[in-house]
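Chemist: One structure coming up, written as structure tokens, with questions to follow.
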Amino acid sequence: MENNSSGRTPQKRKNVHKQNAEMTEEQRSPEKFTNASDRSPSDDETSLPAKHSKGRDNKSKDHLRTIPELVNPINGNVLYYILLFLLTVTSLITRLYNIENPPHVCWDETHFGKMGSWYIKRTFFFDVHPPLGKMLIGLAGYLTGYDGEFPFSKPGDEYGETRYIGMRVFCALLGAALVPLAYMSTWLLSRSLAASLIAGTLVLFDTGTLTLSRYILLDPILMFFIMAATYSLLKFLSYRDKSFSLFWWFWLSSTGSFLAASIGVKFVGLFVILLAGYTTVEDLWKLLGDQKLSLAVIFKHFLARAICLIVLPAVWYLGFFAIHFKVLSNSGSGDGFYSSAFQSQLIGNKLYNVSMPEHIAFGSLLTLKQRRTGGAYLHSHWHLYPEEFPPRQQQVTTYSHKDENNVWRMKPATEEPDVTRIPQLVKNGDLIRLEHVTTKRNLHSHHEPAPITKRHFQVSGYGTDGIGDANDVWQIEIVGAPQGSPIQTVRSKLRLIHYHVKCALFSHDKKLPKWGWEQLEVTCNPNVKDNKVFWSVEEVIDPRLPNVSFEVYMPSLVEKFVESHAVMTQGNSGLKPREGEVTSRPWQWPIDFRGQIFSGKDFRIYLLGNPVIFWCILLVFLLYLLVIGINAVRQQRGVQRSQEIKEFDQRMMGAAWWFLIAWALHYLPFWPMTRVLYFHHYFPAFLYSAMFAGVVIDYVIIQLSLRFPKGLAISFYHWCVGVIISGSSYSFYIFLPMAYGMAGPLAADENSMMHRLKWLDSWDI
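Counted from 1, the sequence shown has number 24 at position 24 by UniProt numbering; the numbering is strictly sequential.
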């Protein structure tokens, strides 16, 4: 019998060729394979000498048939939904398990729970974040029976009979959705079940993401909208061959809506907007290069994206603030951060629906507010400057809240006002004194340096019963008004120039130490042109003067929107850590250097990323660089590859690159920030790093698998994926106490059950 080196009879070879010929175009298309990297080394090495080509060709064909069997199993669509269901159910179980514990306020629940209460009570407040997340927390509490009465005073306060669980469950449900969203987003780019499963598993079994999802915080809401925007964007791109269809419009408008929701929770939602912008510009550039499309069609594409990704999000975002202003109609603790005109529309504020003198006379009582974004009230109290800031005179500060110590009396420079006479209006250019009503000391300055800003002069309260010296005299200037014009309440932009020192009354964001109650420093600035030397009169009390309605000062929606953003921006830049609070810097986050204490009582919660997952992702970043390097060398050496293999590579490496860009956009902007930062700021970026890792790991496993014979390759591939999932789940099991609670001695104690988990000395467990 003739020897057959291929191991097949002629008849069998004929049948094989017939089967290959009968494969449909759909089956041969790389879009139906689930990985863009599916190639064997022999497929790349087509530059081998001709005498070796026959054996290589047989091996190459055998491996190409192995690729779909590896990662696109029979009934792949069914398996996709089975895995999606399993991940979703497991995510819900882990996020909702024992969610009532600990039954006390944890970390920033003291802020966002309190703000949810204020929405229920319709009480105005100030916060550095946009309103959507807090409104949703308040709505969740209201719908689940919470009455808004719990004070949320400080971490550790027991909830007792308070119905707080509904708000935690709401946040946990959004946190649970991160896992299926990561799975589905990875699938849309990679078309790999294994890559999608690995990505979803890394998010599912990360203890940090779990911890953030179980409390009344903005983070799970923010991450949900970021991931929903990401999925909608990728889903929209998957309809590029069905442009302007119903689903095409649906996913495009959904993307815009979720982008608005993302930035509507926190300003860091801007990063996903940048990601969408980058992707959209790239997509439009590709459309512009498609010569099958006319310029009119390309313009329609541009206009559709402009409407759905710019106009629609802007309308949503403005709508969030319109609802915010409508709901918070009652005066509250945050009034003082806003202008007098803004405060006039808050029920219960002294300026609401009030009539007040339009002008100021000598003898009038008034409050002065710095005329800048977030400007505070001129304030004094009985406390003196410390001995190291001589002379020891009364402190003068600015204070953001309404207070009786904000009230001053307007007096002429050289005499006491006679309230029995006809009122004499204060005019531009007048010399005046301001007497602090509570302490009866005059606003004073001299050539002594200010306590913090040494190049400025000290401002103090001086005198007894309103009698001081010549350094109490100030000159009123009304900016943009002719000499002799009377001061107008709210409207006039004032500058107070010290008559002898020739400096201007000034305040800024620098806080005094504890001896000054951490209120803002007030100085006399030699630079009288500085933009922080302007003031306005907010309240006037003088029964001798005719009143006007304050309704004339009420701002429009757009004016309130603009002012709110100016105040929030200033508040964000001035954020400082609370005493004893552990902060961090961005370099610490990817390496899981230090966590964050959520509950420091006997039942301890510690925000820490699963170190096995975090550190494996770091290795994947290095692995990605190695893959890029190897592929670059192959290309430089002119290694020939089939078109099919090139398309596999383009899809998989394209997916990895896109997730890498997304990670960088959500992580790198924190590096130059000077404001206080915390570990939890990293987790939106972590989600993208998990999806990036899923794609790269799957790519590498397939490259290794295809070096084995067909049967062994399939077993090796599934074994590797199983090890990754099993390792992630086991590490999750080990570090569960971080999220669900620890008791007993701290990990530093060798007798502690947590001692074995203190892998780094910087972990405060």
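Ideal Cβ positions, reconstructed from N, Cα and C, are used throughout, including at glycine.
List the endpoints of the continuous beta strand (DSSP E) containing T367.
Modeler: Start at 1 with the first residue of the sequence shown, and residue 367 comes out as number 367. That run of the beta strand (DSSP E) goes L365 to Q370.
Chemist: Considering only the alpha carbon of each residue, which of A177, L212 and L174 lies closest to Y740?
Modeler: Indexing the sequence shown from 1 puts residue 740 at position 740. Ranking the options by Cα distance to Y740, first place goes to L212.
Chemist: Return helix, strand or coil for A747, following the three-state DSSP convention.
Modeler: In the sequence shown, counting from the first residue as 1, residue 747 sits at position 747. The DSSP-derived three-state label of A747 is coil.
Chemist: With DSSP collapsed to three states, give me the class of A693.
Modeler: Here residue 693 refers to the residue found at position 693 when the sequence shown is read from its first residue. It is helical.
Chemist: Have a look at S262 and G269 and give me their C-alpha separation to the nearest angstrom.
Modeler: By one-based count along the sequence shown, residue 262 stands at place 262. By one-based count along the sequence shown, residue 269 stands at place 269. One C-alpha to the other measures close to 5 angstroms.
Chemist: Quick one: give me the first and last residue of the alpha helix (DSSP H) that R651 is part of.
Modeler: Looking up residue 651 in the sequence shown gives position 651. Q643 to Y667 is the span of the alpha helix (DSSP H), which, as asked, contains R651.
Chemist: Using DSSP bridges, identify the partner residues of residue 816.
Modeler: Lying before the first or after the last residue shown, residue 816 is absent from the chain, which here runs from 1 to 765.
Chemist: At the level of alpha carbons, what is the spacing between L193 and M691?
Modeler: What you label residue 193 is simply residue 193 of the sequence shown in a count that begins at 1. What you label residue 691 is simply residue 691 of the sequence shown in a count that begins at 1. Distance between the alpha carbons of L193 and M691 is about 12 angstroms.
Chemist: With DSSP collapsed to three states, give me the class of K511.
Modeler: On the sequence shown, position 511 is the one that residue 511 refers to. K511 falls in the strand class under three-state DSSP.
Chemist: So, with DSSP's three-state summary, where would you put residue 786?
Modeler: Outside the displayed range of the chain (1 to 765) lies residue 786, so it cannot be described from this structure.
Chemist: Which one of H324, S294, Y317 and H379 has the shortest CA to CA distance from G336?
Modeler: If you number the sequence shown from 1, residue 336 lands on position 336. With distances taken between Cα atoms, G336 lies closest to H379.
Chemist: What are the boundary residues of the beta strand (DSSP E) that includes T397?
Modeler: As a first step, residue 397 is located in the sequence shown; it is residue number 397 there, counting from the start. Run containing T397: Q394 to Y399, per the beta strand (DSSP E) assignment.
Chemist: Which partner residues of L520 appear in the DSSP bridge assignment?
Modeler: As a first step, residue 520 must be located in the sequence shown, where it is residue number 520. L520 is bridged to T398 and K511.
Chemist: Kindly provide the ranges of any beta strand (DSSP E) runs that are 3 or more residues long and lie completely inside the stretch 675 to 743, ordered along the chain.
Modeler: Within the stretch 675 to 743, no beta strand (DSSP E) run of at least 3 residues lies entirely inside it.
Chemist: Just reading off the beta strand (DSSP E) that V548 is part of, what are its end residues?
Modeler: Start at 1 with the first residue of the sequence shown, and residue 548 comes out as number 548. Unbroken beta strand (DSSP E) run through V548: N547 to S549.
Chemist: CB-CB under 8 angstroms to W316, same chain, minus the five flanking residues each way: which ones, in chain order?
Modeler: Here residue 316 corresponds to residue number 316 of the sequence shown, with the count starting at 1. Same-chain partners within the cutoff: G256, S257, A260, A261 and G264.
Chemist: Leaving out five residues on either side along the sequence, give the residues of the same chain with a beta carbon under 7 angstroms from the beta carbon of S238.
Modeler: As a first step, residue 238 must be located in the sequence shown, where it is residue number 238. Apart from the 5 residues on each side of it in sequence, S238 sits with its Cβ closer than 7 angstroms to the Cβ of L188 in its chain, given in chain order.
Chemist: Considering just the uninterrupted stretch of the alpha helix (DSSP H) at S599, what are its terminal residues?
Modeler: Locating residue 599 in the sequence shown gives position 599, counting from the first residue. Where S599 is concerned, there is no enclosing alpha helix (DSSP H), although the beta strand (DSSP E) it sits in stretches over Q596 to G600.
Chemist: Let's see if you can read the secondary structure: which residues bound the alpha helix (DSSP H) around G332?
Modeler: Within the sequence shown, numbered from 1, the residue matching residue 332 stands at position 332. Run containing G332: none; DSSP gives neither H nor E here.
Chemist: To which residues does DSSP link P417 through a beta bridge?
Modeler: Here residue 417 refers to the residue found at position 417 of the sequence shown. None, per the DSSP bridge assignment.
Chemist: Apart from the five residues just before and just after V695, which ones in its own chain have a Cβ nearer than 8 angstroms to its Cβ?
Modeler: To locate residue 695, count along the sequence shown from 1; it is residue 695. These residues qualify, in order along the chain: T186, L189, S190, S192, A195, A199, M652, A655, A656 and F659.
Chemist: What first and last residue would you give for the beta strand (DSSP E) that runs through residue 766?
Modeler: In the structure as shown, the chain begins at 1 and stops at 765. Residue 766 is therefore absent and cannot be evaluated.
Chemist: Across which residues does DSSP place T280 in a beta bridge pair?
Modeler: Position 280 of the sequence shown, counted from the start, is the residue given in the question as residue 280. None, per the DSSP bridge assignment.
Chemist: Is DSSP giving T144 helix, strand or coil here?
Modeler: By 1-based counting over the sequence shown, the position of residue 144 is 144. In this structure, T144 counts as coil in the three-state DSSP scheme.
Chemist: What do you get for R441, buried or exposed, if any count of 16 or more other CB atoms within 10 angstroms of its CB means buried?
Modeler: Counted from its first residue, the sequence shown places residue 441 at position 441. With 16 or more other Cβ atoms within 10 Å, it is buried.
Chemist: When the Cα of Y699 is compared with those of L665, D530, F648 and R634, which residue comes out closest?
Modeler: Taking the sequence shown and counting its residues from 1, one reaches residue 699 at position 699. With distances taken between Cα atoms, Y699 lies closest to F648.
Chemist: Counting along the chain, where does the alpha helix (DSSP H) carrying V459 start and finish?
Modeler: Translated into the one-based positions of the sequence shown, residue 459 becomes position 459. From DSSP, V459 is part of no alpha helix (DSSP H) but of the beta strand (DSSP E) over F457 to Y462.
Chemist: Using DSSP's beta-bridge definition, name the partner residues of M356.
Modeler: The residue labelled residue 356 in the question sits at position 356 within the sequence shown. According to DSSP, which records beta bridges pairwise, M356 is partnered with V548.
Chemist: Put P449 into one of helix, strand or coil per three-state DSSP.
Modeler: Against the sequence shown, residue 449 aligns to sequence position 449. Correct three-state label for P449: strand.
Chemist: Which residues in the same chain as P486 place their Cβ atom closer than 6 angstroms to its Cβ, once the five residues preceding and following it in sequence are excluded?
Modeler: The sequence position of residue 486 within the sequence shown is 486, counting from 1. Cβ neighbours of P486 beyond the five flanking positions: H359, L425 and K427.
Chemist: Tell me, to the nearest whole angstrom, how far the beta carbon of Q519 is from that of T397; I am working on the premise that it is less than 8 angstroms.
Modeler: Along the sequence shown, read from residue 1 onward, the residue named residue 519 stands at position 519. Along the sequence shown, read from residue 1 onward, the residue named residue 397 stands at position 397. Q519 to T397, Cβ: 4 angstroms. Contact.
Chemist: Using the C-alpha atoms, what's the distance from F321 back to P130?
Modeler: Locating residue 130 in the sequence shown gives position 130, counting from the first residue. Locating residue 321 in the sequence shown gives position 321, counting from the first residue. Distance between the alpha carbons of P130 and F321 is about 8 angstroms.
Chemist: The ligand NAD and V700: does any heavy atom of the ligand fall closer than 7 angstroms to the residue's C-beta?
Modeler: Inclusion of the ligand NAD in the displayed structure is not the case, the ligand content being empty and no account of it being possible.
Chemist: Once the 5 residues before and after residue 851 are set aside, which same chain residues still bring their CB inside 6 angstroms of it?
Modeler: Nothing about residue 851 can be reported from this structure: the residues present for the chain run from 1 to 765 only.
Chemist: Would I120 pass as a contact of G138 if the rule is Cβ separation under 8 angstroms?
Modeler: As a working note, residue 120 is residue 120 in the sequence shown. As a working note, residue 138 is residue 138 in the sequence shown. Yes, Cβ-Cβ distance for I120 and G138 is below 8 angstroms.
Chemist: Given this structure, state the Cα-to-Cα distance separating E22 from S729, to the nearest angstrom.
Modeler: As a first step, residue 22 must be located in the sequence shown, where it is residue number 22. As a first step, residue 729 must be located in the sequence shown, where it is residue number 729. Only weak support exists for where E22 lies, its pLDDT of 39 falling under 50; the value from the coordinates is given anyway. Cα to Cα, E22 sits roughly 43 angstroms from S729.
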